[in-house]
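A.B. asks: Provided herewith is a single structure, encoded as structure tokens, for subsequent inquiry.
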Amino acid sequence: MNLELFGLPLLGCVLMLGILGYLGIHVLRREVVFIDIAMAQTVVVGMIAAHLAFGAHGDSWLAYACGLAAALVAAVFYAFGRSRARQIPLEAMIGISYAIAAAAALFLVGLAPGGHIHIHGMLAGSVLWIKWNDIGASAAIFGAVAAGFVVFRKPFARISEHYLQAARPGESPWETGGAGKVIAWDILFYVLAGAVIAWATRIAGVLLIFAFLIVPAVVSALYSRRW
14 MNLELFGLPL
24 LGCVLMLGIL
34 GYLGIHVLRR
44 EVVFIDIAMA
54 QTVVVGMIAA
64 HLAFGAHGDS
74 WLAYACGLAA
84 ALVAAVFYAF
94 GRSRARQIPL
104 EAMIGISYAI
114 AAAAALFLVG
124 LAPGGHIHIH
134 GMLAGSVLWI
144 KWNDIGASAA
154 IFGAVAAGFV
164 VFRKPFARIS
174 EHYLQAARPG
184 ESPWETGGAG
194 KVIAWDILFY
204 VLAGAVIAWA
214 TRIAGVLLIF
224 AFLIVPAVVS
234 ALYSRRW
């Protein structure tokens with residue numbers, strides 16, 4: 014009982030902190046601090062839509078799939094927006110997307126039975142009630158995403174550090190290789206981030222995920238610029 018009451022939530026937080034802490038370093042280098050909360054809000058819209066359309070509960074795989082689909086749309090928007098509208102800061106686009114997603118979430122919550130429960134769930138999550146199957150799924154999803162970050166670490170790091178330089182043609186498949194490939198790498202990066210955020214939001218809610226993403230990265234940036 015004590016293990017399930019205290020150990021499982023702690024283990025779940027450690028798993029989320031590990032992957033979100035690394036993702037937060039990229040977020041800081043790209044200067045898109047609020048992308049997590051905007052994408053998480055977009056995920057919530059997908060999950061509420063799944064509940065309205067299919068009767069899916071927030072902890073179901075169908076809700077996660079719909080939330081991930083919403084995150085994929087956001088990923089494409091951010092990748093193309095950063096490349097095509099360089100005169101507009103990406104943070105401005107993120108703010109606009111967050112406002113639209115928040116308005117859509119409030120509208121859908123008004124249509125859903127027990128809307129106040131959805132509001133509480135998307136803000137606070139249910140990390141205290143996490144189960145072993147959630148731990149296993151979290152380890153699998155976060156492990157797969159972490160493997161993607163390891164395999165593609167060179168182009169991801171190059172784009173995060175020097176976006177304009179990364180848009181120049183590269184010399185190998187591991188280089189970014191021009192503006193078109195930068196968009197493709199950006200989409201892949203945001204898709205991987207969306208997979209993590211969609212699952213973590215389902216467990217821990219928007220606010221805790223934002224803290225896990227930003228706070229460790231900010232603290233580490235105070236002492237080191239290394240990856």
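Residues in the sequence shown are numbered from 14 upward in steps of one, following my numbering. We put the CB at the ideal spot given by N, CA and C, even for glycine. Fair warning: this is a prediction, and the values are worked out from it, not measured in the lab.
Identify whether Asp199 lies in helix, strand or coil by the three-state DSSP scheme.
C.D. replies: Counting from one through the sequence shown, the residue named residue 199 turns up at place 186. Residue state, collapsed to three classes: helix.
A.B. asks: When you compare each of Ala83, Ile109 and Leu28 to Thr55 by their alpha carbons, which one comes out closest?
C.D. replies: Translated into the one-based positions of the sequence shown, residue 55 becomes position 42. With distances taken between Cα atoms, Thr55 lies closest to Ala83.
A.B. asks: What alpha helix (DSSP H) runs, 4 residues minimum, are completely inside the segment 105-163?
C.D. replies: Runs of the alpha helix (DSSP H) inside the segment 105-163: 128-137.
A.B. asks: Taking the alpha-carbon positions, what's the Phe169 to Trp198 distance?
C.D. replies: Taking the sequence shown and counting its residues from 1, the one referred to as residue 169 is at position 156. Taking the sequence shown and counting its residues from 1, the one referred to as residue 198 is at position 185. Those two C-alpha atoms are separated by around 7 Å.
A.B. asks: State the Cα-Cα distance for the pair His64 and Phe90, rounded to the nearest angstrom.
C.D. replies: One-based indexing of the sequence shown puts residue 64 at position 51. One-based indexing of the sequence shown puts residue 90 at position 77. Taking the straight line joining both Cα atoms gives about 24 Å.
A.B. asks: Could you pull out every residue in the same chain whose Cβ sits closer than 7 Å to the Cβ of Ala211, ignoring the five residues on either side in sequence?
C.D. replies: In the sequence shown, counting from the first residue as 1, residue 211 sits at position 198. Once the five neighbours on either side are set aside, the close Cβ partners of Ala211 are Val56, Tyr77, Gly80, Leu81 and Ala84.
A.B. asks: Is the number of C-beta pairs between the segment 110-128 and the segment 39-52 that are closer than 8 Å three or more?
C.D. replies: With a cut-off of 8 Å, the segment 39-52 and the segment 110-128 count as touching, because enough Cβ pairs lie within range.
A.B. asks: Cα separation between Ile154 and Gly161?
C.D. replies: Locating residue 154 in the sequence shown gives position 141, where the first residue counts as 1. Locating residue 161 in the sequence shown gives position 148, where the first residue counts as 1. Rounded to whole angstroms, Ile154 to Gly161 spans 11 Å at the Cα level.
A.B. asks: Along the alpha helix (DSSP H) that carries Glu44, what are the first and last residues, could you check?
C.D. replies: As a position in the sequence shown, residue 44 is number 31, starting the count at 1. First-last for Glu44: undefined, no H or E at that position.
A.B. asks: List the endpoints of the continuous alpha helix (DSSP H) containing Phe169.
C.D. replies: Walking along the sequence shown from the start, residue 169 turns up at place 156. Run containing Phe169: Arg166 to Glu174, per the alpha helix (DSSP H) assignment.
A.B. asks: For Ile222, which of Gly20, Leu21 and Tyr35 has the nearest alpha-carbon?
C.D. replies: For this step, residue 222 is matched to residue 209 along the sequence shown. Per the Cα distances, Tyr35.
A.B. asks: Quick check on the burial criterion: 16 or more other C-beta atoms within 10 angstroms. Buried or exposed for Tyr203?
C.D. replies: In the sequence shown, residue 203 corresponds to position 190, counting from 1. Tyr203 should be labelled buried.
A.B. asks: Note down the Cα distance separating Ala217 from Gly149, rounded to an integer number of angstroms.
C.D. replies: On the sequence shown, residue 217 is found 204 positions in, with the first residue counted as 1. On the sequence shown, residue 149 is found 136 positions in, with the first residue counted as 1. Rounded to whole angstroms, Ala217 to Gly149 spans 16 Å at the Cα level.
A.B. asks: Comparing alpha-carbon positions, which option in Tyr236, Val163, Val140 and Ala125 lies nearest Arg215?
C.D. replies: For the purposes of this step, residue 215 is taken as the residue at position 202 of the sequence shown. For the residues Tyr236, Val163, Val140 and Ala125, the minimum Cα distance to Arg215 belongs to Val140.
A.B. asks: Just to confirm my understanding: we take Ser173, look at its own chain, exclude 5 residues before and 5 after, and list those with CB closer than 6 Å. What are they?
C.D. replies: For the purposes of this step, residue 173 is taken as the residue at position 160 of the sequence shown. Hits under 6 Å: His39, Arg42 and Arg43.
A.B. asks: Quick one, which of Ile101, Ser73, Trp145 and Val45 has its alpha-carbon nearest Leu23's?
C.D. replies: The residue labelled residue 23 in the question sits at position 10 within the sequence shown. With distances taken between Cα atoms, Leu23 lies closest to Trp145.
A.B. asks: Whose C-beta lies closer than 7 Å to the C-beta of Ile200 among residues of the same chain, with five residues either side of it excluded?
C.D. replies: Your numbering for residue 200 matches position 187 in the sequence shown. Excluding residues within five positions, the ones whose Cβ falls inside 7 Å are Ala88, Val89 and Ala92.
A.B. asks: Are Leu119 and Val45 closer than 7 Å when you measure CB to CB?
C.D. replies: On the sequence shown, position 106 is the one that residue 119 refers to. On the sequence shown, position 32 is the one that residue 45 refers to. It is not a contact, given that the beta carbons lie outside the stated cut-off.
A.B. asks: For Ala87, which of helix, strand or coil comes out of DSSP?
C.D. replies: One-based indexing of the sequence shown puts residue 87 at position 74. Helix at Ala87.
A.B. asks: Measure the CB-CB distance between Leu33 and Leu235 and report whether it falls below 7 Å.
C.D. replies: Here residue 33 refers to the residue found at position 20 of the sequence shown. Here residue 235 refers to the residue found at position 222 of the sequence shown. No, the Cβ-Cβ distance between Leu33 and Leu235 is not below 7 Å.
A.B. asks: Report all residues from its chain with a CB closer than 8 Å to the CB of Met207; omit the five preceding and five following residues, and keep chain order.
C.D. replies: Counted from its first residue, the sequence shown places residue 207 at position 194. According to the sequence displayed, residue 207 carries Gly and not Met. Answer for Gly207: Met52, Val56, Leu81, Ala84, Leu85, Ala87 and Ala88, listed in chain order.
A.B. asks: To the nearest angstrom, report how far apart Phe67 and Arg238 are at their CA atoms.
C.D. replies: The residue labelled residue 67 in the question sits at position 54 within the sequence shown. The residue labelled residue 238 in the question sits at position 225 within the sequence shown. Cα-Cα distance, rounded: 46 Å.
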